[in-house]
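Please read the structure below before turning to the comments.
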Amino acid sequence: MKPPVTTTRVITVSGVVLTSDDLRRIAKLLQKQSALAEKSVHRASTSYLVQFDDSTMLESDSPEPFADELLTSTSRPVRINMSFHNYSLHRHVSLSLSHGSSAHENSATITAQEEAWLNDNFMALKEALGKVRPQKAWFIKHPFMSFAVLATGMWVPLKHFVVGPLLRFVAFTDAVSPYLVTGFIVGVTSLWVYDWLKDAWPNVEFDFGAFHLRVERSRRRRLYLVATLIILPVAIGLIVDAVKAAK
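For the sequence shown, this note's numbering gives the first residue as 916, with consecutive numbering after it.
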């Protein structure tokens, strides 16, 4: 008789905005498996954990830590863990979520020796995660193109407002041109703006906990304000100047 083969399947979680309702809906999948294990008198365990920004942790064998009143009881939630182990049948389901832009700390793992059970629960968990609201930020899916667009967008105004004054007041050599200086400024500024955008639209966002601690909302509001009151008028002015110069 061949020894059983253990198979593990992984679901990567990215580009989502999770609510407390999402956590409780996903936890029901683990509760179902826990109830079945208990009914069959299997040796099993279940764990639900919330870690907060101040390093406080809430853990239980029930989804009680995902109650709204507990999620707002201390600082901001930054990490969520759920896990189910059926030691008798060698089944394991776990979900690890981390608020922020990390691509390595957000995944679900399912392990079993029974292919049918593995596939059924893999699809159930994938379907539950598929109901989570997506993070609607174009630059998350296209980081290199986004950086190129940022750099191009900054080059025009910087060339207009930086290169011109530099040519009038600073003596340059062949080795160090005003365009080289402007290119350096564009690169550094684009990196800073891109990092700021990633903070405003994190890869995995926790939209639960105390409302005033959800800083991404205020960052996005400030960005919209800056774009409306500063960037848009400047862009329009540059376009108008270019059209006049072309006539």
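Don't be surprised by glycine CBs; every beta carbon is placed ideally from N, CA and C.
Reference R1006; option with closest CA among D1110, V1103, L951, G1124
The closest CA to that of R1006, considering only D1110, V1103, L951, G1124, is found on L951.
Same chain, Cβ closer than 8 Å to R1165, neighbours up to 5 away in sequence not counted:
An answer regarding residue 1165 cannot be provided, because it is not within the stretch 916 to 1162 covered by the chain.
Y963 (DSSP reduced to helix, strand or coil)
DSSP places Y963 in strand when its eight states are reduced to three.
Candidates P980, V1119, E1131, R1134, of which the one nearest V928 by Cα:
Minimum Cα distance to V928 is reached at V1119.
If P1163 and Q1028 are in contact, beta carbons under 8 Å, what's the gap, nearest whole angstrom?
Nothing can be reported for residue 1163, as the shown portion of the chain is limited to 916 through 1162.
Enumerate, from N- to C-terminal direction, the unbroken beta strand (DSSP E) stretches of 3 or more residues contained entirely within the segment 944–1012.
Within the segment 944–1012, the complete beta strand (DSSP E) segments at least 3 residues long are 959–967, 972–975, 992–1001, listed from N- to C-terminus.
Cβ separation of L964 and E974, assumed to be a contact under 8 Å, to the nearest whole Å:
Confirmed, about 4 Å.
For D937, which residues from the same chain have a beta carbon less than 6 Å from its beta carbon, with the 5 sequence-adjacent residues on both sides left out?
Apart from sequence neighbours up to five positions away, the residues of its chain that approach D937 with a beta-carbon distance below 6 Å are V1047, ordered along the chain.
Buried or exposed: where does L1128 fall if 16 or more other Cβ atoms within 10 Å of its Cβ makes it buried?
When all chains shown are included, L1128 counts as exposed.
If you compare alpha carbons, which of F999, S1013, S1017, S1016 is closest to T1024?
Out of F999, S1013, S1017, S1016, the CA that lies nearest to the CA of T1024 is found in F999.
Quick test of your reading: F1123 and T934, contact by CB under 8 Å. State the CB separation rounded to the nearest angstrom.
At roughly 6 Å, the Cβ-Cβ gap stays under 8 Å, so F1123 and T934 are in contact.
How long is the line joining the alpha carbons of Y1002 and T922, rounded to whole angstroms?
Taking the straight line from one Cα to the other gives about 15 Å.
Nearest-angstrom Cα distance between S1013 and R991?
Cα to Cα, S1013 sits roughly 12 Å from R991.
By the 10 Å Cβ neighbour count, where 16 or more other Cβ atoms means buried, how is T961 classified, buried or exposed?
Under this definition T961 is a buried residue.
Can you give the Cα-Cα distance for P980 and L944, rounded to whole angstroms?
Note on geometry: alpha-carbon atoms of P980 and L944 lie some 16 Å from one another.
List the DSSP bridge partners of R924.
Note: R924 sits in a beta bridge opposite I1025.
Taking a contact to mean a Cβ-Cβ separation below 8 Å, would you say H957 touches L1033 in this structure?
Cβ atoms of H957 and L1033: not closer than 8 Å.
What residue range is occupied by the uninterrupted alpha helix (DSSP H) comprising E1020?
From DSSP, E1020 is part of no alpha helix (DSSP H); its letter is neither H nor E.
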